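Here is the structure we will look at.
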Amino acid sequence: MKRVSRLALSSSTDSGLVPVGRCGRPHGLRGDVTVLPTTDDASRFLPGSRLVTADGSVLTVVRSSPHRDRGLVVAFEGHHDRRGAESLRGLDLFAEAATRRHLSEGEFWPDELVGLTAIDPDGSVLGEVTAVELATAQDRLVITTADGIEVLVPFVSALVGEATDDTIVIHDPGGLFPGP
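Numbering follows the numbering used here, in which position 170 of the sequence shown is assigned residue number 170; successive positions increment by one, without gaps.
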C-alpha cells in the first residue's frame with residue numbers, strides 16, 4: 001500500500017529492529033490473536049515469518065488472515081489456545097530493519113526524518129523534527145521550535161517539501177508556527 005503521505009509505515013529502533021505490529025485481544029479458542037499492523041509490507045505476516053518481541057522472544061507465524069478492514073488475525077507457533085493468545089496481548093512485534101522493503105522515489109522511513117532541521121523555503125530554521133505521528137487519516141511531523149513549542153505539521157506535499165540528509169523544507173501557509 002503506497003501512502004499518500006509519502007511515509008513508509010515502519011521506523012527503526014536502536015536495536016536494528018523495525019516495528020511491524022501490535023498484538024491485540026485473542027480471537028477464538030485456537031490461540032489466534034488480532035494484530036494491528038504498523039507496516040505496509042504484508043509479507044511480514046506470511047506463514048513462517050519470524051517476529052521479535054521487545055524482550056527478544058521470537059514468534060513464528062503459523063497462519064494469518066485479514067480481520068475486518070484494518071487488521072489481521074494471526075496464529076503463532078506454540079500458542080494453541082485462548083490462554084496462549086492472551087499472553088500475547090499488548091506485545092509489540094518487530095522485524096529486522098535489514099529486511100525492510102525498498103522505498104519508492106519520494107518515500108521516507110519515519111526514523112530518517114527524526115532529527116532533521118525543519119526550514120522554510122528561504123532557509124530560515126523553523127525547528128527540529130522530533131517525532132513522526134502515524135495516523136489512519138493523515139500522518140504528521142512533530143517539529144519542536146527553539147522555544148520548545150511542538151508544532152504538528154500534516155505530512156502532505158503542499159506543506160512538506162524536499163528532504164536532504166540534514167534538512168526538510170516546510171511550506172507554512174501561515175499560522176502553523178508561532179510568530180515573532
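Note that the Cβ used here is the ideal one computed from N, Cα and C, for glycine as well. Quick caveat: nothing in here was measured; it's all calculated off a predicted structure.
Cβ contact annotation for E77 (same chain, cutoff 6 Å, sequence separation greater than five): T60 and V62, in chain order. Apart from sequence neighbours up to five positions away, the residues of its chain that approach R140 with a beta-carbon distance below 8 Å are V132, E133, L152, V153, P154 and F155, ordered along the chain. Pairwise C-beta distances place the region 63 to 83 in contact with the region 23 to 32, as three or more of them are shorter than 8 Å. Take the alpha-carbon of G71 and the one of V129: they are about 29 Å apart.
Residue pairing from DSSP places I143 in a beta bridge opposite V129 and V151. Closest by C-alpha distance to L103, out of G174, F94, I168 and T39, is T39.
Shown here, A135 sits in coil according to DSSP, grouped into three states, outside any helix or strand. Annotated as proximal: T144 and G127, with beta-carbon spacing under 7 Å. By the Cβ neighbour-count rule, S64 is buried, with 16 or more other Cβ atoms within 10 Å of its own. Across the structure, H67 and R25 are spaced so that their CA atoms are roughly 12 Å apart. Around the C-beta of I149, fewer than 16 other C-beta atoms lie within 10 Å, and the residue is accordingly described as exposed.
The alpha carbon of A42 has as its nearest neighbour, out of W109, R101, A54 and L91, the alpha carbon of R101. In the three-state reduction of the DSSP assignment, G175 falls in the coil class, being assigned neither a helical nor a strand state.
Taking 7 Å as the cut-off, the beta carbon of V18 is found closer than this to the beta carbon of A95. The Cβ atoms of V20 and R50 do not sit closer than 7 Å to each other. When beta bridges are read from the DSSP output, L72 appears opposite V35 and P66. Looking only at V58, I168 and L46, the smallest Cα-Cα distance to D122 is reached by I168.
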